Every structure is written in structure tokens, then in C-alpha cells.
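Chemist:
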Amino acid sequence: MILVDHSLVVTALGETVIRFWDLDQDENYVLSLDMQFGFEGGECINCVSYCSAKGILAAGTSKGRVAMWKKAAGSHQSTWTSEGKEKWKFQASTELEGNVTQIKWGSRKNLLAVNNISSVVILSEQAMLAHFHQQVAVVQVSPNLFNVMIFSTGTTHSLRLDMNASGVFATQDAIVFWNGKQVAVFESSGDTFRSAGSFLCDSPVLSVHGENLYTVEPYRIQVRTWQGTIKQLLVFSEAEGNPCLLDVCGNFLAVGTDLSHLKIFDLSRREAKVHCNSKSLSKLLPGHGAILSVKCNANGSKVSILVSRADGNIDSKICFYDVETDQVTLFDFKAEQGDGRENLSAGQGIGKFVVEYPDLHSHIPACHFWDPSEPRLFVCEVIPETGLQPPDQKKNQTEGTMDVWIISFFSTEEHGLLLQDSFALPSSYQVLLGIEVPHYYFAKKLCFRRGCIYKPLGEAEKGASESGSGTVSQMAARRPMRDFIGLGDCDKTTQDAMLNFSYYLTAGDMDEAFKSIKLIKSEAVWENMARMCVKTQRLDVAKICLGHMGHARGAKALREAEQEPEQNARVAVLAIQLGMLEDAEQLYKDCKRYDLLNKFYQASNQWQKAIETAEAHDRVHLRTTHYNYAKHLEATGQQSLALTHYEKSDTHRFEVPRMLSEDLQALENYIKKRKDKSLWKWWAQYLESQSDMESALKYYALAQDYFSLVRVHCFQGNIEKAAEIANETGNGAASYHLARQYESQEDIKQAVHFYSRAQAFNNAIRLCKANNLNDQLMNLALLSSPEDMIEAACYYEEKGDQMARAVMLYHKAGHFSKALELAFATQQFGALQLIAEDLDEKSDPALLAHCSGFFIEHAEYEKAVELLLTAKKYHEALRLCLEQNLTITEELAEKMTVSKESQDLSEESRRELLEQIADCCMRQGNYHIATKKYTQAGNKLKAMRALLKSGDTEKIIFFAGVSRQREIYIMAANYLQSLDWCKDAKIIANIISFYTKGGALDLLAGFYDACAQVEIDEYQNYEKAHRALTEAYKCLSKAKARSPVEQESKLGHLQNRISLMKRFIHAQRVYPEDTEEAVRQCELLLAEQDFDNAIRHGDVLGFLVQHYAQVEEFHTAYRYLEEMQKRIPALNLSYYVSPQTMEAVHRGAGVPMNRALAPAHSGHGSMDNREEEEVADEVEDP
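Here it is as C-alpha cells:
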């Protein structure tokens, strides 16, 4: 038992599994040995040990094997929802002898000690050496054994060394090994490799180009022969540093130094020449660490560099140096946002190019390569950085390499870095070795067996005897690039064309991509191009590709798909024709064409998905889907399932009997089980065809097929039973069949009865006419169609003694002319009235006129008028109303009114008719109707006169407001002035408004004069009366008078009244302050001539009496009181002088009061108690 990361308990108890208990997550799980990795069934795990530095769990088994699992990066701090065992990835197994009882990690080098009872073995981890160049791959399978794969010939060799190598470099001519002390060169010779040279050399790195070896020593690169002879020295200055990294690609050698300098040499000549002078990475990339790896492209124009961070780990950025422009571009896997890049000259800063791949944000580059012949193509392998994996990292991929990705780019000056392809490293591959168009090259994973016998993963389950045979396993493999799938080993022209196609496709330039391969003859190339058209949705290019492929069916399908409105639906058809079923499925889902998706599932035999799609999104085709599935199941012999889906498609009533027609017993059982009327009827028909009448009758009865029951009973001669069934059920078909039977037997009564029940009235009528059944004939005709009614009416007319029936039937059948003709001929007035009620505007006008004349003759004037109006004889109808003094109701008036759109009368005739209707209504006192008709005729003056006669004040005001005619305004104002306008402020406002709008200023002046007189007579309010007279003066001065002399006279008279009134108002106002002046003014007014036209004597005299009474000059007061008695009746004195004042004056003067002067109750209220009316307000502010 061990404890991992302070929270995970791991135990091995001699079982076939390792048990885990996660204390933090409170979960437990197990890991078991997989037989595909070479383990045996029943193999037990005895012991475990964990190395925290490497994150590796090692386990010893009872069969002498050591299994290892690596903890997934970031699993100790994430909260995954997956099973715990998925946090551990199987790495490899090592086979030893015996039974492993103890296992333990230890020492600073993280060695593993294994106790197998007989001995203790110490295992050390060694990085596998591998290299690929010029179609030759070398993979280390043990400390001294290497597997060599020559892809150009397809041969595989094993090469054993007598030294422990630390590096290997392969070319098509030789393979070079070194270990920092010695270099060994093996030359290819036929099917074997022979030693071509060996010499001592302490260079830690080495590269090969042609027959030259390139080794390093302080500040120099040595160019050697295979035997170690130095041919040339490439010198570096102290500022540049010691060369420590070498890479050969094409004819160029890229060198990186320990002082982070970069230099490129051209190897195409006999001696190496400098292609790019030394560049300092510290200036190009300030703040970055040392160079870890350097690679150059095929023409020496670009160099990719991996650098370290300050802590020594690999940085997440890949640096791309452009030799021609002296610029650096950075590709950062950790970048979260941004989509541009900036190229900066050396020393000016850093440009960044960011691509968003969520799966790669926590990754770092592990190795990188350029294609040896295509300078634009770059590929790298990226691995997850420890502790940076997000919690939602995908966990459903294959064990071991789920987090390792292969990313390829096109690197150009025009477009920068363009993603060409990306895919996860397959589980059977260990590491990327390189790229050479048209393939990627990989080293396979190893599985060791006892005696250091190895097998690639996937072949390990084969027996040990096979492993020891003469066949050498291939430890390297290649995978075609995405755009070269299906091309095989194509020629150079095709390769270049496809590569250009891939480049332009990646850049989004489909036109150039198409041009690059238009001369290619290979169908595989065009098929690949067509597949790309699915991704790019370029159907125009796809048509050409299908033509070059000779894919006639696909071209036809694509042409037919053009009718689909959605682009994705059309592209999906192309994908189906190319076998890209998953793409087609997704395209249909994206455009939500579930009907086509349903058909796709059916065609691809995915019936369950088809049904689920129909149920969820395409219910209109659900029954069709079930039916098609049922047909498929029937074709495959699955009849029981087919039955179910025929039922769901609601086609089982026909399809199931057809399907089970050869198994009648199964069919009968199914029909009895289903209890379906349609199936019962089908089975009864089958039994009847087999002459089993009794059984057929039974199933016909279950199916409630009464027609068939009656038919069979009649066939058997049991007509009474048939009649009983027909009478009970009332079935039409059964009754008709039975009636035919009775008619054939000349039982007319029963035949007519059942024809009637079957509603075959024409047959019943035929029998009644043939057998003189007149009463039944009438009843049947009334129930039958119009044609049968007319036929029966003709029959009665021919008979001549039942004309009333003939008229009724003609009327019911809609043959009014014939019905009226007969009614007139036979003087059937009741029938005529009934017929007239059904006549409408669609009837014959002559017929309508004929009927109206008939009603006039018989004094039915109202019906005659209605018929005349129906016949559109409006003038005749109106004349009849006038002659017979018929009251024109509103409904009748509307019927007489012809619409403007009607073509029956001209506009002039229409207006004339409307005025005649209105005149008639005026004579009858229907003023509102007359107003409406005058208005419709356009004669608004007559309409206003009619409305004035109605006395409807509200409608008069409204009509005047909407008519907007001067005469109508004046007429309305005159009418309103005839009302009791003093008590209604709204009427006063309307009078002023109408006179003003009508331009009758003289009339308006008269109205203001009347208002002033009301103020004086009713309220003794001379101030408001003065304002009213002032308004009257203004109006009269503006009015256009016929006689200017008369107008001037009126204005002078008004001015005199205003002046006198103003003096009296002044006296009233100054009285509290200057009593004498006020009294003097009043006495002067009394001396004025004709002052009573403006001021009443009583008001002035009463004012003086009141004053002298207050100052107790009773004799003077009495003198003015006597003058009042002369001018004013005694009954009205109290209106001007209060009774208390009169008593005081008489008492003060010593004169007794007469009874005539006694206080009398006047109809007027006192000045103190009267109400102020709003009339004064209206006069004050007109």
C-alpha cells in the first residue's frame, strides 16, 4: 500500500487489479492489465511503487512483468466527472524472469529496483532514439538494437551495435550513430548495412549531408568524411558562442549556439558557404531563454526555433525567422484571443500570430520539422504542459496519446502561418519523426518481451514464437496527408499540384486551388478535391470534379439537389455521393432539414435514428418512416417487427393481410387479436370468396358492414332478414340494394320505402309516377333535388287537376317564372305572395314588375313597393309611395337610395331621386330622414332647413360645424338665438362662433346689444352691459352695410348709449370716494335727453334715493321717490329701492306710506342675492 499526492491510497493485494481510494473525491476505482499489451489472463499484481518526479506508477506482476502508468497532467487539481481510472495512462511494460515480489523507485536518477526472488534488477529509463530522413527511418528498440525502415523499397532491417548510442542520423546512403565519444557509420549495401567507418569524436551532436559529416567542437564545426577525416572547418567567434544544435534540410545547415546565436550555411557546393550571417536571438527575441531546437526549411529562407523559459522549461511559443526580411513571427499556443500578426525587424520588438484552438491552449511544442522539398510546409508535435490542462479537457479519446496533437502549417510571407491540418497522435504511435510529402512519419510504440524481444503496439498479442521468427517488425509507419488520401505514391507533378491545391485551399482561394490541379488526370486527385468541396461548400467546383471522376450518378444527384433552398442541404447530397456520411449527417442537422436527414438515415440503414428524427422533428413523415421500416423488415424476414411498424404507419389493414396471405392461420389469429373492423371486413370478404357464407356473415356483423350483410342475405333468399337489418340500421347502401331486390320482385310499396330510406328519391319518384302514387310523389319530390322537383311539377301540370302542387314544386325548385305563370293562370294569390317573398335583385326584372303590378291591383302597396325597389325601379316606387301616401321609413328610404358606385342611375338622376325622397319625407314630417337624404344629394341648405324643423339643437350645431357654409352658419345662429340662450353658455358661444364664421357681423352686433339689455334688465350690471355694447360697436363698424348712412346712424346711436352708460358706471365707481361728484353726475344724467335708451330711470333715481336716505336728507329723497312713482309702476319700485329704504324716507319726511308703495314680492331677486350668470362672461370675452 502506498500514498500518492497525500490523498490517493493505492494497494496491490495479489489480485488482477490495482485498487485506488481517492480520499478527497471520496471515490474508488481499479486499474487492470490489458491483454492487448502482452499480459496474460489471470496475471496478478503483487506490488506497486510511485515516482512523484516522473508521475509514473510501476507495478510488478506474478509473471515477471513490470507495468507502468503515467498520471495524466493536471489530474491532481481538476475535478473531473469521468471515472478515476481514466486519470492514468498506460505507458509500457518490461518483461523479466520469475515472480516480481518487490518494486521500488529510488536515487537521484529515478531508477527502478525490481526483486524477482532470484535476483534484483535495476531499471533505468532511456529516451528512445529515432530519426527519419530521405525515406529512411531508424528506431531504437533496445540499448544496442535498432530497427531500420526504408520506405522507398519497403524493406525493414535490424542493426545491432557494439556501443550504447546517444544519437542517430539516417540518410538514404548511410546511418550514423554516436555517443559523445565515438562515431560509427554504416553504409547501405543491398539488403544489408556494413560498417563504412568508425572514429573517435567527442561531438555531442552530428548531422549528415551527402558524404559529409558535421560535428562540433568549441567555436567550430568540423566537416568530416565517413572515416573521420576533417575536410573543412566552419569557425564561430566567441561572441557567437559554441555551436550546439545542428539541422540539415535540403542543402542547408542551420546552427544554433550556446549563446543563442543562429547561423545558416549553404551545402549545395563542394564547400559550405554562409547563407545567413549570425543572428543574435537575444536581439530578435529579448527576454527569452536559450535555444532548445532549431530547424530550417528546404530553401533556407525560414528557420523555426524552440526556446526555453526562464525556469528552463520549453516555452509555448514557436519562433519563425525570415532570412530575407530579417523578421520574426511568434506562434503562441497559450494565446487566448487575437487574430493578427505583426512582423518586426530585428531589434524592434516581437510580432505575434495567434490562432485559437481550445484544445491547444495548455500545450507546448515538443518537436518540429520542415518538409525537405517543400519550403512552405511545417509540422510540429505538441504535448500538454504539466498542470495546465483545463478541467473540461476531452477524456473520451484513445488512451495514451489523447493530449498529443500533430499540427501542420503553411508558412508564407503573403499569408503568414495558415493551419493546414491538425489531428491527435494515434494511440499506436510514439512520436512524430518528420514529414515528407505526401506523408507524415511516426515511430511506433514498443512492447517488450522476455529476452528483449520487441513488438510494436498492436502486434504484441502475437505469440513469442512468431516474434522470434525471421520477420522483422516495422517500428516506423507513415500516414498520408489529408489532401493526399487515396493518391498512393503519386508522381512529382501530381504531388506539386496537390500541394499547391492544399495551400490555396488553406488560404481560402478556391479558384487558384482549382487551377493548380485542373491538368491532373488522376481520379483520386479529383475525388480528394471533391471532398474538399464539401468542406468549402464550393458546389461549382464539385461539379467539375465529379465530371473528371466520371461520377455520373453523383453529378445527376447534385444537379437534382439544386432545387433545395439551403446550401448545406445541397452540399450534403455531394457528401453522400462521396461516401462522407458523417459530414452529410451534420450538414442536414445544421440546416435543420430533418426531412432529408430522415431519408438519409433510411437510405443508410440507420432506422432507429430515422424514427427518432421523425418523432422529434419530422412528424409529418413519421408514418411514412414506419412504413418504410416495415417494408425493410419484411424484406429481411422479420415479420413480427414488420407487423408492429405497419401498425404504427396505419397501413396494417392492407399490408398485413398481403404479407400473411400465405400463412392463413397466422393471419386469422392476427385479425382476431386486433379486433379491427377493416380487418374483419377483409376477412369476411375472403371467407365469402371461399363460399363460407355463415362465417362471412359473422365477420360482416362484427365489422358492422350492413350492406354486405343485406347483400349476402338477399343472395341466400332471406329477404325478410335483410329488410329487418336495413330497417334497424338505416344504412343507405343496404336500403338501396334491398329496394332493387323488391323492385325486381314488383313489390312497389317496399321498393319505394327503401329507396326513400336510401335517399334515392329519383328512383322512388320514378316508381310513383309509373304507378300513380301521387301523394307519395309530392312528399318525395319535396325531399329530393331541384331537378326531381321540376320533373314532379311537370307531372302534376300534365295531370291538370293538381296545379297547386305544381306551383309549389316549381317555387321550391327555384323556377320562379314558371311558378308565377301557373299562379297567375290559376289565380293562386297565396302562392303568389309566398313566391314574391323569395324574389331578390337577381330575379328577372320583368318578373318583378309583373308581380308588383299584381300586388297593386290587390292593394298590397307595401309589397309592390318592395318588389319595385328589388327591380331597381326607384322612381316608380317613390311615385307609388306619394300616390298612396305610404310612410317612408328609414329602412325603405335606404332601399330607395342608390349608391354612388351603382351604374343604374347617373349622378344627376341619383341626386334628383334623393331630393324627391327627402321632399316626400319633409311632407310626412320625417325631418331627420329628409336631412340625411338632402345631405346625400349634396343640398346642405335644404338639409339644414329640414333639421331646423326637427328642433334637434345638438344635431343642428353639429351639422353647422361640419357643413362650413356661410348661410348654414347664419341659419344655425338665428335658430339658437330663438332659444332660451341666456341660461346656456354653450349656446351663447355657438351663436357668437356661427355669426363670426358666417361673416354676419351686423347680426352679431345685434346679439351683443341683446346681451347688454339682458345684463341691464336682469342683473342691473352696467359694466358688463357696457362691454357688450362695446363689442357690438366693434362688430357693427366692421360689418359691410348696404346703406352707409343707416350704418353711421346706428353707430352714432350706439356710441351715445355707450357714453351715457360709461358716465353712470363712473358715478357708481367714485361714489365711495367722492359722493358729491357721483350725485352730481346722476343728476346731470337725468337732465340728458333720451338717456333712458341707455340707462333705466329707476336705476339712476334709485341710486339718488338710496344716497339721500343714507345722509338723512329725507325730503330730497322723498322728492326723487315721487319722481320714480311718476315714471315707474308702483309694483316695480321695490326692484330699484328696498322697502326698508322707502319706509325710512316716508318716516323721515313725515309722509305716510300708501298701500301701493307697500313692499310687494317681486319676481326678481335682490341685487345682493342674485346669481351671476355666465352670459356676462361670454359678453366680456367673446
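Residue numbering for the sequence shown follows our numbering, starting at 2 and increasing by one per position. Cβ coordinates follow ideal geometry from the N, Cα and C atoms, glycine included. Since the structure is predicted, the reported quantities are computational estimates derived from the model, not experimental observations.
Just to confirm the assignment: which complete alpha helix (DSSP H) runs, minimum length 4, are found wholly within the region 1010–1098?
Modeler: Note on the region 1010–1098: whole alpha helix (DSSP H) runs with a minimum of 4 residues are 1023–1039, 1045–1071 and 1076–1088, in chain order.
Chemist: Does the beta-carbon of Met581 have 16 or more other beta-carbons within 10 angstroms, so that it is buried, or is it exposed?
Modeler: Residue numbering aside, residue 581 sits at position 580 when the sequence shown is read from its first letter. Per the 10 Å Cβ criterion, buried.
Chemist: Hey, quick one: how far does the beta strand (DSSP E) through Ala702 stretch, first residue to last?
Modeler: Locating residue 702 in the sequence shown gives position 701, where the first residue counts as 1. Note, Ala702: premise wrong, no beta strand (DSSP E); alpha helix (DSSP H) at Met694 to Leu703.
Chemist: Look at the alpha carbon of Ser423 and the alpha carbon of Ile408, and state the distance between them as a whole number of angstroms.
Modeler: As a first step, residue 423 must be located in the sequence shown, where it is residue number 422. As a first step, residue 408 must be located in the sequence shown, where it is residue number 407. One C-alpha to the other measures close to 4 Å.
Chemist: Apart from the five residues on each side of it in sequence, which residues of its chain come closer than 7 Å, Cβ to Cβ, to Phe354?
Modeler: In the sequence shown, the residue the question calls residue 354 occupies position 353. In this prediction, Phe354 scores a pLDDT of 34, lower than 50, which makes its location untrustworthy; no coordinate-derived value is stated.
Chemist: Identify, in the order they occur along the chain, each residue of the same chain with its Cβ nearer than 6 Å to the Cβ of Val31, setting aside the five sequence neighbours on each side.
Modeler: Here the question's residue 31 lines up with position 30 in the sequence shown. Within its own chain, the residues whose Cβ lies closer than 6 Å to the Cβ of Val31, once the five positions on either side in sequence are excluded, are Val18 and Arg20, listed in chain order.
Chemist: Using C-beta distances below 6 Å, list every residue in its chain close to Ala1040, excluding the 5 sequence neighbours before and after it, in chain order.
Modeler: Along the sequence shown, read from residue 1 onward, the residue named residue 1040 stands at position 1039. Answer for Ala1040: Leu1002 and Asp1003, listed in chain order.
Chemist: With a cut-off of 8 Å, do at least 3 Cβ pairs link the region 106–119 to the region 47–59?
Modeler: yes
Chemist: Excluding sequence positions up to five away, which residues of its chain have a Cβ less than 6 Å from the Cβ of His210?
Modeler: What you label residue 210 is simply residue 209 of the sequence shown in a count that begins at 1. Counting only Cβ-Cβ distances below 6 Å, and skipping sequence neighbours, we find Val249 and Leu268.
Chemist: Per DSSP, what are the beta-bridge partners of Cys250 in this structure?
Modeler: Taking the first residue of the sequence shown as 1, we reach residue 250 at position 249. Its beta-bridge partners are Phe253.
Chemist: Would you mind listing the beta strand (DSSP E) stretches within the region 223–289 that are 3+ residues and don't spill past its ends, in chain order?
Modeler: 231–236, 244–250, 253–258, 262–267 and 274–281
Chemist: Can you check DSSP and say which residues form a bridge with Thr413?
Modeler: Locating residue 413 in the sequence shown gives position 412, where the first residue counts as 1. Beta-bridge pairing links Thr413 to Gly417.
Chemist: For Gly464, count the other beta carbons within 10 Å of its own beta carbon; 16 or more makes it buried, fewer makes it exposed. Which is it?
Modeler: Within the sequence shown, residue 464 is the residue found at index 463, counting from 1. Residue placement at Gly464 is flagged as unreliable, the pLDDT there being 42, under the threshold of 50; the coordinate-derived value follows with that caveat. Under this definition Gly464 is an exposed residue.
Chemist: With distances taken between CB atoms, is the gap from Leu201 to Val177 smaller than 8 Å?
Modeler: Taking the first residue of the sequence shown as 1, we reach residue 201 at position 200. Taking the first residue of the sequence shown as 1, we reach residue 177 at position 176. No, Cβ-Cβ distance for Leu201 and Val177 is not below 8 Å.
Chemist: How about Thr95 and Val67: are their beta carbons less than 8 Å apart?
Modeler: The residue labelled residue 95 in the question sits at position 94 within the sequence shown. The residue labelled residue 67 in the question sits at position 66 within the sequence shown. The answer is yes: Cβ separation under 8 Å.
Chemist: Judging by CA-CA distance, which residue of Leu130, Leu160 and Glu188 is the nearest neighbour of Asn180?
Modeler: Counting from 1 along the sequence shown, the entry for residue 180 is found at position 179. Taking only the C-alpha atoms, the option nearest Asn180 is Leu130.
Chemist: Which one of Met69, Phe38 and Gly43 has the shortest CA to CA distance from Ser50?
Modeler: Position 49 of the sequence shown holds residue 50. Ranking the options by Cα distance to Ser50, first place goes to Met69.
Chemist: Roughly how many whole angstroms lie between the Cα atoms of Asp977 and Ile993?
Modeler: As a working mapping, residue 977 is identified with position 976 in the sequence shown. As a working mapping, residue 993 is identified with position 992 in the sequence shown. Checking the sequence, you will find Leu at residue 977 rather than Asp. Rounded to the nearest angstrom, the two C-alpha atoms are 10 Å apart.
Chemist: Assuming contact is defined by CB atoms lying nearer than 8 Å, are Ile1096 and Phe1065 in contact in what I supplied?
Modeler: Along the sequence shown, read from residue 1 onward, the residue named residue 1096 stands at position 1095. Along the sequence shown, read from residue 1 onward, the residue named residue 1065 stands at position 1064. Going by C-beta atoms, Ile1096 is nearer than 8 Å to Phe1065.
Chemist: Reducing DSSP to helix, strand and coil, say where Asp1100 ends up.
Modeler: The sequence position of residue 1100 within the sequence shown is 1099, counting from 1. In the structure shown, Asp1100 sits in a helix (DSSP, three-state: H, G or I).
Chemist: Return helix, strand or coil for Phe334, following the three-state DSSP convention.
Modeler: Reading the sequence shown from its first residue, position 333 is the one you call residue 334. Correct three-state label for Phe334: coil.
Chemist: Need the endpoints of the alpha helix (DSSP H) that Arg532 sits in, please.
Modeler: As a first step, residue 532 must be located in the sequence shown, where it is residue number 531. Per DSSP, Arg532 belongs to the alpha helix (DSSP H) from Glu524 to Thr537.
Chemist: Does the distance from the CB of Glu437 to the CB of Gln136 come in under 8 Å?
Modeler: What you label residue 437 is simply residue 436 of the sequence shown in a count that begins at 1. What you label residue 136 is simply residue 135 of the sequence shown in a count that begins at 1. Yes, these two residues count as a Cβ contact at 8 Å.
Chemist: Of all the options Gly548, Ile577 and Leu97, which has the alpha carbon lying nearest to the alpha carbon of Ala562?
Modeler: For the purposes of this step, residue 562 is taken as the residue at position 561 of the sequence shown. For Ala562, the nearest C-alpha among the options comes from Ile577.
Chemist: Tell me whether Thr645 sits in a helix, a strand or coil according to DSSP, three-state version.
Modeler: As a working note, residue 645 is residue 644 in the sequence shown. In the structure shown, Thr645 sits in a helix (DSSP, three-state: H, G or I).
Chemist: Alpha carbon to alpha carbon, how far is Ala735 from Tyr707?
Modeler: For the purposes of this step, residue 735 is identified with residue 734 of the sequence shown, where counting begins at 1. For the purposes of this step, residue 707 is identified with residue 706 of the sequence shown, where counting begins at 1. Taking the straight line from one Cα to the other gives about 6 Å.
Chemist: Have a look at the DSSP bridge pairing and note the partners of Asn116.
Modeler: For this step, residue 116 is matched to residue 115 along the sequence shown. According to DSSP, Asn116 bridges with Gln103 and Val121.
Chemist: Between the alpha carbons of Thr652 and Tyr628, how many angstroms are there, rounded?
Modeler: The sequence position of residue 652 within the sequence shown is 651, counting from 1. The sequence position of residue 628 within the sequence shown is 627, counting from 1. Roughly 7 Å between the two C-alpha positions.
Chemist: What separation, rounded to the nearest whole angstrom, lies between the Cα atoms of Arg451 and Ser196?
Modeler: In the sequence shown, residue 451 corresponds to position 450, counting from 1. In the sequence shown, residue 196 corresponds to position 195, counting from 1. Because Arg451 sits at a pLDDT of 48, beneath the cut-off of 50, its placement in the model cannot be relied upon, and the following sentence gives the value as read from the coordinates. Roughly 29 Å separates the two Cα atoms.
Chemist: Could you check the C-alpha separation between Lys516 and Gly638 for me, to the nearest Å?
Modeler: As a position in the sequence shown, residue 516 is number 515, starting the count at 1. As a position in the sequence shown, residue 638 is number 637, starting the count at 1. The alpha-carbon atoms of Lys516 and Gly638 are separated by roughly 52 Å.
Chemist: Starting from Phe200, trace the beta strand (DSSP E) in both directions and tell me its first and last residue.
Modeler: Numbered from 1 along the sequence shown, position 199 holds the residue referred to as residue 200. Its beta strand (DSSP E) spans residues Thr193 to Leu201.
Chemist: Per DSSP, what kind of secondary structure is Asn314 in: helix, strand or coil?
Modeler: As a working note, residue 314 is residue 313 in the sequence shown. Note: Asn314 maps to coil in three-state DSSP.
Chemist: I'd like the list of long-range same chain contacts for Leu14, defined as Cβ closer than 8 Å, with 5 residues on each side in sequence excluded.
Modeler: Locating residue 14 in the sequence shown gives position 13, where the first residue counts as 1. Here the set comprises Arg20.
Chemist: Grouping DSSP H, G and I as helix and E and B as strand, with all else coil, what is Ile486?
Modeler: As a working note, residue 486 is residue 485 in the sequence shown. DSSP places Ile486 in coil when its eight states are reduced to three.
Chemist: Starting from Thr626, follow its DSSP beta bridges and name the residues at the other end.
Modeler: In the sequence shown, the residue the question calls residue 626 occupies position 625. Paired residues: none, contrary to the question.
Chemist: Measure the C-alpha to C-alpha separation of Gln705 and Asn764 and round it to an integer number of angstroms.
Modeler: Within the sequence shown, the letter at position 704 stands for residue 705. Within the sequence shown, the letter at position 763 stands for residue 764. Roughly 26 Å between the two C-alpha positions.
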